[in-house]
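Once you know that position 259 of the sequence shown is 1339 in the numbering used here, the rest is easy, because the numbers rise by one and skip nothing.
Glycine included, each C-beta is placed from N, C-alpha and C at the ideal position.
As the structure is a computational prediction, the values presented were derived from the model and not from experiment.
Worksheet: the structure to be examined is printed underneath.
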Amino acid sequence: MIAAALAAGSLAVPLAAAPSSAADGDCVTSVRTYVWEPYKVSNIAAPRVLHKYMDWAPKSGTADSMIDTLATANVKGTSKVFTGGGNGIIYEATLNGQVNAFKDNTATGGSLLTPVKTYSLNWSQAARIVTNGTYILVLASDGTMDVYEQSAPASGNGTLTKVGSTTSGDTREMADADDVWMAGNGLSWLKSGTIKKASLLVLSGKPKVLYPSEVATGVNASQAWSPGAGVVNTQTTTSDPDTTGQIGKYATGPWTQLDGEVRSGIVGDVMADAGPCLADPADDLQPYFATPPDETGGGEAVDAPEDPAQT
């Protein structure tokens, strides 16, 4: 078991975890996954903790493969937080009409929320905000979807330009859904136990949501998200603190359970920095955070490379 190996010290555990940059176009063998934990006090103005996990072997998953990196940061509880695209960029839409872009630099010893750029955009009233790195979709409560393009998705410091808006029955469903997420140009949503998917197409400033279809019904989940195309993770919550926050992993074509419990006890708003595509790591490769293991399987006692395989 991964957790037992971690406890025994047989796995290399540097500072923090996540996948290789999506900019290289390679499939990733781990995916940054963030949990925005519930309020610890009753004051809604208080901050909430953003907690980083690593979804190891995201394409198939095994027990304990959602690994706690121990990296955390505080985010204003009145903000909205979203990520996607596989480059470690995290956005915060604040109540006072700003959008802050951050870079997750924990894999190289830096901060989970390293400031990159602040945009003067008021998305505080959005019902949902999701991104695939290049496009940011801002859903209003009436189903209007405003689409913005990030000119520098790898760094998060480019220009955010509104390319258009669209409204349809699908976008209205998304605005009222239990959860919405993106992986590449795939757009998915969970509503009352049913998962649907569609494709986002942007041509000449005219965004469209096309080819909607039903992925699964009868899904027992309060949240869902995708680490990458072809896989969906779900979260089940209960009133029992010993069983709540169970994470399951499913393949989408066709809908098949890969592992019913890759971890439990994950409570809060979960979001994945979904990569361009997913791959399974080699069978003999141990989970690692910043420094790749050497040929003996142990962690190398060297500084993390500038562009590590898992950053």
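Delimiting residues of the beta strand (DSSP E) encompassing ALA1296
Per DSSP, the continuous beta strand (DSSP E) segment holding ALA1296 begins and ends at 1286 to 1296.
Q) Below 8 angstroms between beta carbons: does that hold for ASN1180 and THR1158? A) No. Outside cutoff.
Practice problem: Reducing DSSP to helix, strand and coil, say where GLY1340 ends up. | Solution: strand
Anticipated Cβ contact below 8 angstroms, GLN1230 with GLY1223, distance rounded = With a Cβ gap of about 23 angstroms, GLN1230 and GLY1223 do not count as contacting.
Handout entry: Of the listed residues GLY1244, ASN1185, ALA1255 and SER1235, nearest to LYS1062 (C-alpha basis)
Key = Not covered by the structure: residue 1062. The range shown for the chain is 1081 to 1391.
(message) In whole angstroms, give me the CA-to-CA distance for SER1268 and ALA1137.
(response) 21 angstroms
Exposed unless 16 or more other CB atoms sit within 10 angstroms - verdict on GLY1060: The structure shown has nothing for residue 1060, since the chain only spans 1081 to 1391.
Practice item. Output the distance between the C-alpha atoms of THR1186 and TYR1114, rounded to the nearest integer angstrom. Key: 13 angstroms
Output yes or no for whether 8 angstroms exceeds the beta carbon distance between THR1109 and LYS1132.
Judged by their CB atoms, THR1109 and LYS1132 are not nearer to each other than the 8 angstroms cut-off.
Taking 8 angstroms as the cut-off, does the region 1163 to 1173 touch the region 1326 to 1340 (at least 3 CB pairs, one atom from each stretch)?
Contact between the region 1326 to 1340 and the region 1163 to 1173 is absent: fewer than 3 CB-CB pairs across the two stretches fall below 8 angstroms.
Practice problem: Give the DSSP-derived three-state secondary structure of THR1274 in the structure shown. | Solution: strand
Review point. What is the DSSP secondary structure of ASP1222, counted as helix, strand or coil?
Key: In the three-state reduction of the DSSP assignment, ASP1222 falls in the coil class.
| request: Tell me, please, which residues DSSP counts as bridged to GLY1266. | output: Bridge partners of GLY1266: ALA1263 and SER1279.
message: Are there any heavy atoms of the ligand PLP lying less than 7 angstroms away from the beta-carbon of VAL1312, as far as the coordinates show?
response: In terms of ligand content, the structure shown is empty, and the ligand PLP therefore cannot be addressed.
Secondary structure of ASP1320, DSSP reduced to three states:
coil
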